[in-house]
Each structure stands twice: as C-alpha cells, then as structure tokens.
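Okay, structure first, notes after.
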Amino acid sequence: MRRPTIADIARQAGVSKGAVSYALNGQPGVSEATRARILAIANEIGWRPNIAARALNGARAHAVGLALCRPARFLGVEPFFMELISGIEAELSARSYALLLQVVGGHEAEMGVYRRWWGEGRVDGAILVDLHLDDPRVPQVEEMGMPVVVLGHPSAAGSLVPVWADDSAAVRETVEYLVALGHRRIARVAGLPRLSHTAIRDRAFGDVCAGLGLDTCPIVHTDYTGEEGARATRRLLSSSERPTAIVFDNDIMAVAGLSVAQEMRLDVPADLSIVAWDDSPLCQVVRPPLTVLTRDIPAYGAHAAQRLLALIDGGETRPLEDQAPRLTTRGSTAPPA
1 MRRPTIADIA RQAGVSKGAV SYALNGQPGV SEATRARILA IANEIGWRPN IAARALNGAR
61 AHAVGLALCR PARFLGVEPF FMELISGIEA ELSARSYALL LQVVGGHEAE MGVYRRWWGE
121 GRVDGAILVD LHLDDPRVPQ VEEMGMPVVV LGHPSAAGSL VPVWADDSAA VRETVEYLVA
181 LGHRRIARVA GLPRLSHTAI RDRAFGDVCA GLGLDTCPIV HTDYTGEEGA RATRRLLSSS
241 ERPTAIVFDN DIMAVAGLSV AQEMRLDVPA DLSIVAWDDS PLCQVVRPPL TVLTRDIPAY
301 GAHAAQRLLA LIDGGETRPL EDQAPRLTTR GSTAPPA
C-alpha cells in the first residue's frame, strides 16, 4: 500500500530515475520519444509532480477522503450523511486527522478524485459509500492499493474491509409489526435500485411479504428526494388497491409522503400507516410523529473511521457488522380502519 514513485516509472519505462526526473521536469537529457513514454506511464499509474518528496519519504498526509456521488443541494437536507460525517469527523479529529470531502457527479469522476488524492499524497486512505451492484469502483480501488473501508454489505465489497448493518432483519421486523397490526396491503417507497443496500432491502421485503401471504406488496424506486417520494406516494394512494401502510427508505420521503396523504384527506394512521428508515428531527416534529427504523448513524461513521485508521496503521482490520436498525413506534402506525 504505497503511492507511485519515480522509481516505479523508471522500472516500467526501462530507464534510470535521473532520466525520469529530466522528463517530468521538462529538462534536456532524454529524447522526445522517451519523454512521451515516461509522461504516459506517470499519468497511467497516477503519479503527480508535487508528491515526489512526500512519496519518497513515506510521509503521511494525516487526512482521509470521502467523495459523495450526490447532488450538493441534497446533502443540505439529508440528515443521514450529516450524521455520518459527524461520526467520522469525531473519530478522525481525536487522532489529529482531517476529512477531505468532495461532491462528484458520477463514479468516473469519483475515481478520478481518489486517484488524484492518492497520487498527490493528500490522503492516507478513503471511505467508500453507496455501493452499487457489481460496483466498478471496487476493483479499481483494489488495484490502486489505497487503504479503503467500505460502508456496505460484504457481498459487494470485494477484498475491501466492509462495515455494514443487517438491513434484512430490519425489513422483516417492520413488515411483521405491520402485519401484526392487521395490515395486508403494504408498499415500499425505495431508493435507487442499483444500490446494493436497496437490492438487499427489496429482496428481504419481497421474501417476508411472500412468506406471510400478503395480498399485494408493491415497490416503487426513487432518487431519495422529497419530490420523488411525494410522487411515488401519490401514485400508490391513487391505485385501485391502495396500500394501508407504506415503508419509506428515508425520512425526507416519509415526511413528503405524510404531506401527500394529508393532502388527499387520508388520516394517518387510521387510513394509512407510515414508517421511515432512519430517525431524525424531521420525523419527530411532524404530526403525527413518524414510526422509524432507528440506528446510531454517528457511531456507524465512527466505526468506519476506526477501521480505516487501523488499516492505515498496518494493523489487522476485520469486517464489522454494526448494530441493525431497530423499530421505534410512534403515532404514524396503527391498525387499519
């Protein structure tokens, strides 16, 4: 686990380190063909001119990276990531480490950021979030050799160290609770279908609904925004087989769904029960307050940071299954009318 150096370039190019230095610094002493070959290799392995001394000395940056592939405006209203970052930052600051955060537009841009940070010596490792099914980032990060901890299920983490929670158990507990109240038509307003944790929740939801012999259990996928949550809720509540309970994949969509139900003159919880994934002040200040799946999100972030720092220090770092979300009942769930 080390950064690319001049020696790496020299070895691949079959030239001396002095020739590499001449080529990278634009000095005479090498042919143009050799210079072009050296520059191409440097770019390919992620070397950057301003990291030579740091890489050769093996100095640490005392910083870790987190690139988020989400709209920047979304982070301002998404309590999950703010709480996650607070947990990461609390653990890092105790060790005098900084968190380098950047919002990106896609996986290609995200990997470009990680390569640049790692190549320039800006970070000693990174935390990877929002794992996708067959995530292309995993093999690329493995190839880079950068210390990385993944927030996601081991099934999608490859050889990277994962920190995760059992979402399947939380889904089962929620559906079984709603069925015990008497609900037979339960819907789920989910997140992005390509996300690994969405797929896990989808599968668990379908399995428990089938196992309990429920009448209908539709799933509507969204982008996690309140607008999409409201649109999905309106569609479900306008259907001929209107659900009597809806489970939302985040608090923002659940609050939006509550507003839509009230707009359609449905009583919550008499006509519709609502459950939100992850608690937040939003869930507690609305009326009725929302039944939620609760977990300690700052602790989740802190545990990931602990694992990453141990990995950076060269210690043995094992996967960690964190505490599963637990159901906290409030006024938004009741037996169907």
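Residues 1 to 337 in UniProt numbering are what the sequence shown lists, from first letter to last. Here a beta-carbon is modelled for each residue, glycine too, at the ideal position from N, C-alpha and C.
Exercise for review: Classify G102 as helix, strand or coil using the three-state DSSP reduction.
Suggested key: Position 102 of the sequence shown holds residue 102. Residue identity differs from the one stated: residue 102 is Gln in this sequence, not Gly. The answer is strand: DSSP assigns Q102 an E or B state.
**Study point:** Cutoff 6 Å; reference Q12; Cβ partners in own chain excluding five residues on either side
**Key:** Sequence index remark: in the sequence shown, residue 12 carries index 12 (1-based). If we look at Q12 and ignore the five residues flanking it on each side, its Cβ neighbours are I41.
Exercise for review: Compute the Euclidean distance between the alpha carbons of Q140 and L282, then round it to the nearest angstrom.
Suggested key: What you label residue 140 is simply residue 140 of the sequence shown in a count that begins at 1. What you label residue 282 is simply residue 282 of the sequence shown in a count that begins at 1. Cα to Cα, Q140 sits roughly 38 Å from L282.
Point to revise | Selection from E89, R37 and G106 that minimises the alpha carbon distance to P71 | key: As a first step, residue 71 is located in the sequence shown; it is residue number 71 there, counting from the start. Between P71 and the set E89, R37 and G106, the nearest pair of CA atoms involves G106.
Review point. Could you give the C-beta distance for A63 and A98, rounded to a whole number, given that I count them as a contact under 8 Å?
Key: The count along the sequence shown starts at 1 and reaches residue 63 at position 63. The count along the sequence shown starts at 1 and reaches residue 98 at position 98. Indeed, because the Cβ distance is near 4 Å, the residues count as touching under 8 Å.
Practice item. Reducing DSSP to helix, strand and coil, say where G125 ends up. Key: Walking along the sequence shown from the start, residue 125 turns up at place 125. The answer is strand: DSSP assigns G125 an E or B state.
Check your understanding: Where does L133 land, buried or exposed, given buried means 16+ other C-beta within 10 angstroms?
Key -> For the purposes of this step, residue 133 is identified with residue 133 of the sequence shown, where counting begins at 1. Residue burial is scored here from C-beta neighbours: L133 has fewer than 16 other C-beta atoms within 10 angstroms and is therefore classed as exposed.
Review point. Using a Cβ-Cβ cut-off of 6 Å (strictly less than) and excluding sequence neighbours within five positions of A232, which residues of its own chain qualify?
Key: Residue 232 sits at position 232 when you count from the first residue of the sequence shown. Only V189, V220 and T222 meet the Cβ criterion.
**Study point:** Rounded straight-line distance, which links the Cα of A7 to that of Q284
**Key:** Locating residue 284 in the sequence shown gives position 284, where the first residue counts as 1. Locating residue 7 in the sequence shown gives position 7, where the first residue counts as 1. C-alpha separation (whole angstroms): 58 Å.
Check your understanding: Can you list, in chain order, the residues of its chain whose CB lies under 7 Å from that of Q130, leaving out five sequence neighbours each side?
Key -> Translated into the one-based positions of the sequence shown, residue 130 becomes position 130. Here residue 130 turns out to be Asp, not Gln, going by the sequence shown. C69 and L195.
Exercise for review: Report whether the distance from the Cβ of V189 to the nearest heavy atom of the ligand ZN is below 7 Å.
Suggested key: Questions concerning the ligand ZN fall outside what the structure shown contains, since it holds no ligand whatsoever.
Check your understanding: Since R184 and D215 are thought to touch, with beta carbons under 8 Å apart, how far apart are those beta carbons, to the nearest angstrom?
Key -> As a first step, residue 184 is located in the sequence shown; it is residue number 184 there, counting from the start. As a first step, residue 215 is located in the sequence shown; it is residue number 215 there, counting from the start. In this structure R184 is in contact with D215, their Cβ atoms being roughly 5 Å apart against a cut-off of 8 Å.
Check your understanding: Quick one: Cα of A19 to Cα of I45, how far?
Key -> Here residue 19 corresponds to residue number 19 of the sequence shown, with the count starting at 1. Here residue 45 corresponds to residue number 45 of the sequence shown, with the count starting at 1. Using only the alpha carbons, I get a separation of about 17 Å.
Check your understanding: Are the beta-carbon atoms belonging to Y114 and G65 less than 8 Å from one another?
Key -> Within the sequence shown, the letter at position 114 stands for residue 114. Within the sequence shown, the letter at position 65 stands for residue 65. Taking 8 Å as the Cβ cut-off, Y114 and G65 qualify as a contacting pair.
Review point. Which partner residues does G65 have in the DSSP bridge list?
Key: In the sequence shown, the residue the question calls residue 65 occupies position 65. Checking the DSSP bridge columns, you'll see G65 partnered with L100 and A126.
Review point. For the beta strand (DSSP E) that contains L327, what are its first and last residues?
Key: Within the sequence shown, residue 327 is the residue found at index 327, counting from 1. It spans R326 to T328 - the beta strand (DSSP E) in which L327 sits, taken as one unbroken run.
**Study point:** Span separating the alpha-carbon of W117 from that of P4
**Key:** As a position in the sequence shown, residue 117 is number 117, starting the count at 1. As a position in the sequence shown, residue 4 is number 4, starting the count at 1. Between W117 and P4, the C-alpha separation is close to 12 Å.
Point to revise | CA-to-CA distance, P218 to M253, given in whole angstroms | key: Locating residue 253 in the sequence shown gives position 253, where the first residue counts as 1. Locating residue 218 in the sequence shown gives position 218, where the first residue counts as 1. Their Cα atoms are separated by approximately 16 Å.
Review point. Could you give the C-beta distance for L293 and P243, rounded to a whole number, given that I count them as a contact under 8 Å?
Key: The residue you call residue 293 lines up with position 293 of the sequence shown. The residue you call residue 243 lines up with position 243 of the sequence shown. Not a contact, Cβ separation roughly 18 Å.
Point to revise | Short CB-CB distance (under 8 Å) between E241 and chain C | key: Among the chains of the structure shown, chain C does not appear; only one protein chain is present.
Practice item. Along the alpha helix (DSSP H) that carries H221, what are the first and last residues, could you check? Key: Position 221 of the sequence shown holds residue 221. Not the alpha helix (DSSP H): H221 falls in the beta strand (DSSP E), residues I219 to H221.
Check your understanding: Which one of G14, I88, A61 and N25 has the shortest CA to CA distance from A299?
Key -> For this step, residue 299 is matched to residue 299 along the sequence shown. Among G14, I88, A61 and N25, the Cα nearest to that of A299 is on I88.
Practice item. Counting only runs of 4+ residues fully inside the segment 239–303, write out the alpha helix (DSSP H) ranges in chain order. Key: Within the segment 239–303, the complete alpha helix (DSSP H) runs of at least 4 residues are 251–263 and 281–285.
**Study point:** Proximal residues to G301 (C-beta, below 6 Å), its chain only, five neighbours per side dropped
**Key:** Taking the first residue of the sequence shown as 1, we reach residue 301 at position 301. So the list reads L84, G87 and I88, once near-sequence residues are dropped.
Review point. Nearest-angstrom Cα distance between D135 and R318?
Key: Taking the first residue of the sequence shown as 1, we reach residue 135 at position 135. Taking the first residue of the sequence shown as 1, we reach residue 318 at position 318. Taking the straight line joining both Cα atoms gives about 21 Å.
**Study point:** C-beta atoms of A230 and V208 nearer than 8 Å
**Key:** Your numbering for residue 230 matches position 230 in the sequence shown. Your numbering for residue 208 matches position 208 in the sequence shown. No, these two residues do not count as a Cβ contact at 8 Å.
Review point. Which two residues bound the contiguous alpha helix (DSSP H) that contains V208?
Key: As a working mapping, residue 208 is identified with position 208 in the sequence shown. That run of the alpha helix (DSSP H) goes S196 to G211.
Check your understanding: Can you round the beta-carbon distance between D309 and V163 to whole angstroms, since I take them to be within the 8 Å contact cut?
Key -> What you label residue 309 is simply residue 309 of the sequence shown in a count that begins at 1. What you label residue 163 is simply residue 163 of the sequence shown in a count that begins at 1. For the sequence presented, residue 309 should be read as Leu rather than Asp. Your pair L309 and V163 does not check out as a contact, with CB atoms roughly 13 Å apart and the cut at 8 Å.
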